[in-house]
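Here's the structure we're looking at; comments come further down.
Numbering (full-length UniProt numbering), first residue to last: 1 to 210.
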């Protein structure tokens, strides 16, 4: 029997490792015979003010600022942390990210593409910060990383077109479109797609080296 895949999981903006793990409980149960999911906290505090004036606090991989151009403040520290985490707690077979964590996943693929067996990007988008965007190769020489890109028809936070644009930077990307919004789908169809994708990586990918 093949060992389980080890998957590093990156949460979205204002979430956390514990919240993301809890949110993905159904997914973890669906894939428990194939993969072990390992969650880490974003390096930076993030907060957003709700309509009632209250703040909901969580973690982030960076905070975006606009001062003539878009900058991701704290991104370098986060990627230093993620590289250190991979080195100290790996090896990992793949990376899974949601929303901001998915953009971070894409950037990690661009910088570590020869060491990553697969990546799952849920509501993913290309980073808008030029220093991260420049990590990606031109579309005519796409990243040779097995990838699954998941987007929602009704997602108003990360538009479907943004996720599909990101997929164009990967060689032979797999795309799954669900009927929902800015969520991780929890239906049997998606679980089947994800599990088949992971099984393919388990059976045909190179040894884990991430």
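Glycine is no exception: its CB is placed at the ideal position from the N, C-alpha and C atoms.
As the structure is a computational prediction, the values presented were derived from the model and not from experiment.
{"Query": "Counting pairs of beta carbons, one from the stretch 165–180 and one from the stretch 10–18, are three or more of them closer than 8 Å?", "Result": "no"}
{"Query": "For residue 84, name the three-state secondary structure that DSSP assigns.", "Result": "helix"}
{"Query": "Pull up the distance between the alpha-carbon of residue 112 and that of residue 87, whole angstroms please.", "Result": "12 Å"}
{"Query": "What does residue 66 pair with, by DSSP beta-bridge criteria?", "Result": "70"}
{"Query": "Spatial neighbours of residue 136 within its chain, please: C-beta separation below 6 Å, excluding the five flanking residues on both sides.", "Result": "110, 169"}
{"Query": "Which runs of the beta strand (DSSP E) fall wholly inside the stretch 134–210 and span at least 3 residues, in chain order?", "Result": "146–152, 174–178"}
{"Query": "In terms of alpha-carbon separation, which member of 37, 63, 201 lies closest to residue 20?", "Result": "37"}
{"Query": "Assuming the contact rule is C-beta atoms closer than 8 Å, residue 186 and residue 157 should be a hit. Round their C-beta distance to whole Å, please.", "Result": "At roughly 18 Å, the Cβ-Cβ gap does not stay under 8 Å, so residue 186 and residue 157 are not in contact."}
{"Query": "What does the Cβ neighbour count give for residue 72, buried or exposed, with the cut at 16 atoms within 10 Å?", "Result": "buried"}
{"Query": "Quick one: what does DSSP say residue 124 is sitting in, helix, strand or coil?", "Result": "coil"}
{"Query": "Let me confirm a value: residue 206 is counted as buried when at least 16 other C-beta atoms fall within 10 Å, else exposed. Which label applies?", "Result": "Only weak support exists for where residue 206 lies, its pLDDT of 49 falling under 50; the value from the coordinates is given anyway. Looking at its Cβ environment, which holds fewer than 16 other Cβ atoms inside 10 Å, residue 206 is exposed."}
{"Query": "In angstroms, rounded to a whole number, what distance separates the CA positions of residue 146 and residue 195?", "Result": "14 Å"}
{"Query": "Do the stretch 67–86 and the stretch 125–135 meet, that is, are 3 or more Cβ pairs less than 8 Å apart?", "Result": "yes"}
{"Query": "Taking its Cβ as the centre, do 16 or more other Cβ atoms sit within 10 Å of residue 92, making it buried, or is it exposed?", "Result": "buried"}
{"Query": "Per DSSP, what are the beta-bridge partners of residue 98 in this structure?", "Result": "122"}
{"Query": "Please work out which residues of its chain come closer than 7 Å, Cβ to Cβ, to residue 161, disregarding the five sequence neighbours upstream and downstream, and give them in chain order.", "Result": "none"}
{"Query": "Can you tell me where the alpha helix (DSSP H) with residue 24 in it begins and where it stops?", "Result": "Where residue 24 is concerned, there is no enclosing alpha helix (DSSP H), given that its DSSP letter is neither H nor E."}
{"Query": "If you draw a straight line from the C-alpha of residue 120 to the C-alpha of residue 3, how long is it?", "Result": "19 Å"}
{"Query": "Give me, in chain order, the residues of the same chain whose beta-carbon lies closer than 6 Å to that of residue 201; leave out the 5 immediate sequence neighbours on both sides.", "Result": "117, 118, 146"}
{"Query": "Run through DSSP, which three-state label would residue 15 get?", "Result": "strand"}
{"Query": "Exposed or buried, which one is residue 153 when buried takes at least 16 other CB atoms within 10 Å?", "Result": "exposed"}
{"Query": "For a test of the three-state rule: what should DSSP assign to residue 109, helix, strand or coil?", "Result": "helix"}
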